[in-house]
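Offset between the sequence shown (1-based) and our numbering: plus 101.
Reviewing the structure listed below.
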Amino acid sequence: MSLIEDKCWAAFEKGDHKEAVHLLPLVKKPNKIRRENRWGNVTLLNFSSMNGWLDVTKDLITKYHFDPHKRDGLGCTCLHWAADSNQVDVLRYLIDECHCNPKVPGEYGDTVLHSVAANAGSLDFMKYLISHHQCDPMATTNW
(Lines of atoms letter the chains of each structure in order from A; the text may use other names.)
(Lines give C-alpha, C1' and ligand atoms only; values in the text may rest on other atoms or scores of the structure.)
Protein backbone atom coordinates (compact mmCIF):
# COMPACT_ATOMS: atom_id res chain seq x y z
CA MET A 102 0.00 0.00 0.00
CA SER A 103 1.08 3.55 -0.64
CA LEU A 104 1.75 6.02 2.15
CA ILE A 105 -1.54 7.84 1.44
CA GLU A 106 -3.44 4.54 1.55
CA ASP A 107 -1.78 3.65 4.86
CA LYS A 108 -2.68 7.05 6.33
CA CYS A 109 -6.24 6.78 5.04
CA TRP A 110 -6.60 3.29 6.55
CA ALA A 111 -5.26 4.54 9.89
CA ALA A 112 -7.73 7.46 9.92
CA PHE A 113 -10.67 5.11 9.33
CA GLU A 114 -9.42 2.60 11.87
CA LYS A 115 -8.86 5.28 14.55
CA GLY A 116 -12.20 6.96 13.86
CA ASP A 117 -10.62 10.25 12.76
CA HIS A 118 -13.45 11.59 10.58
CA LYS A 119 -11.75 14.84 9.58
CA GLU A 120 -8.56 13.08 8.44
CA ALA A 121 -10.51 10.32 6.67
CA VAL A 122 -12.60 12.84 4.71
CA HIS A 123 -9.42 14.74 3.80
CA LEU A 124 -7.47 11.68 2.63
CA LEU A 125 -10.19 9.65 0.90
CA PRO A 126 -10.27 11.70 -2.35
CA LEU A 127 -6.46 11.41 -2.58
CA VAL A 128 -6.56 7.61 -2.77
CA LYS A 129 -6.70 6.30 -6.35
CA LYS A 130 -8.79 3.18 -5.68
CA PRO A 131 -10.19 3.22 -2.14
CA ASN A 132 -12.35 0.16 -2.81
CA LYS A 133 -9.16 -1.88 -3.26
CA ILE A 134 -7.87 -1.04 0.23
CA ARG A 135 -8.45 -3.98 2.51
CA ARG A 136 -6.56 -5.65 5.29
CA GLU A 137 -6.50 -9.03 6.87
CA ASN A 138 -6.86 -8.79 10.63
CA ARG A 139 -8.73 -10.67 13.31
CA TRP A 140 -11.97 -10.13 11.38
CA GLY A 141 -10.34 -10.94 8.05
CA ASN A 142 -10.75 -9.02 4.79
CA VAL A 143 -11.86 -5.69 6.27
CA THR A 144 -12.52 -2.60 4.12
CA LEU A 145 -12.91 1.11 4.71
CA LEU A 146 -16.68 0.63 4.48
CA ASN A 147 -16.61 -1.63 7.53
CA PHE A 148 -14.87 1.04 9.60
CA SER A 149 -17.00 3.87 8.22
CA SER A 150 -20.16 1.97 9.17
CA MET A 151 -18.81 1.14 12.62
CA ASN A 152 -17.81 4.78 13.19
CA GLY A 153 -21.30 5.98 12.26
CA TRP A 154 -20.07 8.17 9.43
CA LEU A 155 -23.22 8.33 7.31
CA ASP A 156 -21.72 10.87 4.88
CA VAL A 157 -18.61 8.78 4.26
CA THR A 158 -20.58 5.52 4.11
CA LYS A 159 -22.82 7.01 1.41
CA ASP A 160 -19.79 8.25 -0.55
CA LEU A 161 -17.99 4.91 -0.32
CA ILE A 162 -21.02 3.14 -1.76
CA THR A 163 -22.10 5.68 -4.38
CA LYS A 164 -18.86 7.36 -5.49
CA TYR A 165 -16.29 4.66 -4.83
CA HIS A 166 -18.42 1.59 -5.65
CA PHE A 167 -18.01 -0.32 -2.41
CA ASP A 168 -20.36 -3.30 -2.14
CA PRO A 169 -22.44 -3.00 1.06
CA HIS A 170 -23.27 -6.71 0.84
CA LYS A 171 -19.63 -7.85 0.89
CA ARG A 172 -18.69 -9.98 3.88
CA ASP A 173 -15.60 -9.86 6.04
CA GLY A 174 -13.70 -12.97 7.13
CA LEU A 175 -16.35 -13.74 9.76
CA GLY A 176 -19.23 -13.50 7.31
CA CYS A 177 -20.35 -10.09 8.55
CA THR A 178 -21.35 -7.17 6.34
CA CYS A 179 -21.00 -3.46 7.04
CA LEU A 180 -24.54 -3.73 8.43
CA HIS A 181 -23.22 -5.96 11.23
CA TRP A 182 -20.38 -3.49 11.87
CA ALA A 183 -22.85 -0.60 12.21
CA ALA A 184 -25.09 -2.70 14.47
CA ASP A 185 -22.17 -3.62 16.73
CA SER A 186 -21.71 0.08 17.52
CA ASN A 187 -25.40 1.02 17.47
CA GLN A 188 -25.10 3.38 14.51
CA VAL A 189 -28.83 3.69 13.83
CA ASP A 190 -28.59 6.27 11.02
CA VAL A 191 -26.10 4.13 9.12
CA LEU A 192 -28.20 1.02 9.77
CA ARG A 193 -31.32 2.66 8.38
CA TYR A 194 -29.45 3.87 5.29
CA LEU A 195 -27.97 0.44 4.61
CA ILE A 196 -31.31 -1.32 5.08
CA ASP A 197 -33.64 1.22 3.45
CA GLU A 198 -31.46 2.63 0.66
CA CYS A 199 -28.94 -0.13 -0.07
CA HIS A 200 -31.37 -2.98 0.55
CA CYS A 201 -29.07 -4.81 2.95
CA ASN A 202 -30.88 -7.70 4.58
CA PRO A 203 -30.79 -7.49 8.39
CA LYS A 204 -31.67 -11.18 8.66
CA VAL A 205 -28.46 -12.35 7.00
CA PRO A 206 -26.36 -14.08 9.65
CA GLY A 207 -22.62 -13.89 10.15
CA GLU A 208 -20.43 -16.98 10.40
CA TYR A 209 -21.66 -17.73 13.92
CA GLY A 210 -25.34 -17.17 13.13
CA ASP A 211 -25.50 -13.68 14.60
CA THR A 212 -27.89 -11.30 12.88
CA VAL A 213 -28.16 -7.52 13.08
CA LEU A 214 -30.85 -7.90 15.74
CA HIS A 215 -28.44 -9.99 17.85
CA SER A 216 -25.76 -7.30 17.48
CA VAL A 217 -28.06 -4.44 18.42
CA ALA A 218 -29.46 -6.32 21.42
CA ALA A 219 -26.04 -7.54 22.62
CA ASN A 220 -24.62 -4.02 22.57
CA ALA A 221 -27.47 -2.36 24.50
CA GLY A 222 -28.76 -0.77 21.33
CA SER A 223 -31.87 1.23 20.67
CA LEU A 224 -35.07 -0.50 21.75
CA ASP A 225 -36.91 1.44 19.05
CA PHE A 226 -34.53 0.11 16.42
CA MET A 227 -34.97 -3.45 17.70
CA LYS A 228 -38.75 -2.99 17.40
CA TYR A 229 -38.24 -1.62 13.88
CA LEU A 230 -36.21 -4.71 12.87
CA ILE A 231 -38.83 -7.05 14.31
CA SER A 232 -41.93 -5.30 12.95
CA HIS A 233 -40.69 -4.01 9.57
CA HIS A 234 -38.15 -6.66 8.61
CA GLN A 235 -39.56 -9.69 10.41
CA CYS A 236 -36.32 -10.29 12.32
CA ASP A 237 -36.87 -13.17 14.72
CA PRO A 238 -36.25 -12.20 18.35
CA MET A 239 -36.10 -15.92 19.22
CA ALA A 240 -33.37 -16.74 16.67
CA THR A 241 -30.29 -18.36 18.16
CA THR A 242 -26.63 -18.17 17.19
CA ASN A 243 -23.99 -20.88 16.80
CA TRP A 244 -21.98 -19.65 19.79
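In this text, a Cβ means the ideal position worked out from N, Cα and C, and glycines have one as well.
Computed from a predicted structure; not experimentally measured.
- Query: Can you tell which of 175, 153 and 152 has the C-alpha that lies nearest to the C-alpha of residue 210?
  - Reply: 175
- Nearest-angstrom Cα distance between residue 118 and residue 102? In a straight line, the C-alpha of residue 118 is about 21 Å away from that of residue 102.
- Item | Bounding residues of the alpha helix (DSSP H) (the contiguous stretch that carries residue 240) | Counting along the chain, residue 240 falls outside any alpha helix (DSSP H), and DSSP gives it neither H nor E.
- Task: Could you round the C-beta distance between residue 146 and residue 167 to whole angstroms and report it? I think they count as a contact, below 8 Å.
- Result: 4 Å
- Task: Would you decide whether residue 225 is buried or exposed? Buried here means 16 or more other CB atoms lie within 10 Å of its CB.
- Result: The residue is exposed, with fewer than 16 neighbouring Cβ atoms inside 10 Å.
- Query: Alpha carbon to alpha carbon, what distance is there between residue 189 and residue 233?
  - Reply: 15 Å
- Item | Reference residue 243; option with closest CA among 222, 228 and 206 | The candidate whose alpha carbon is nearest that of residue 243 is 206.
- With a CB to CB cut of under 6 Å and the five nearest residues on each side skipped, what residues in its chain are close to residue 214? The beta carbon of residue 214 sits closer than 6 Å to the beta carbons of 230 and 236 from its chain, once the five residues preceding and following it are set aside; these are given in chain order.
- What's the call for residue 185, buried or exposed, on a 16-neighbour Cβ count within 10 Å? buried
- Per-residue DSSP class, three states only, for residue 144: Residue state for residue 144 is assigned as strand, using DSSP reduced to three classes.
- Item | For residue 102, three-class secondary structure by DSSP | Of the three classes helix, strand and coil, the one that applies to residue 102 here is coil, per DSSP.
- Please classify residue 186: does DSSP put it in a helix, a strand, or coil? Note: residue 186 maps to coil in three-state DSSP.
- Does DSSP put residue 205 in a helix, in a strand, or in coil? In the three-state DSSP reduction, residue 205 falls in the coil class, being neither helix nor strand.
- Count the other CB atoms within 10 Å of the CB of residue 131; is the residue buried (16 or more) or exposed (fewer)? buried
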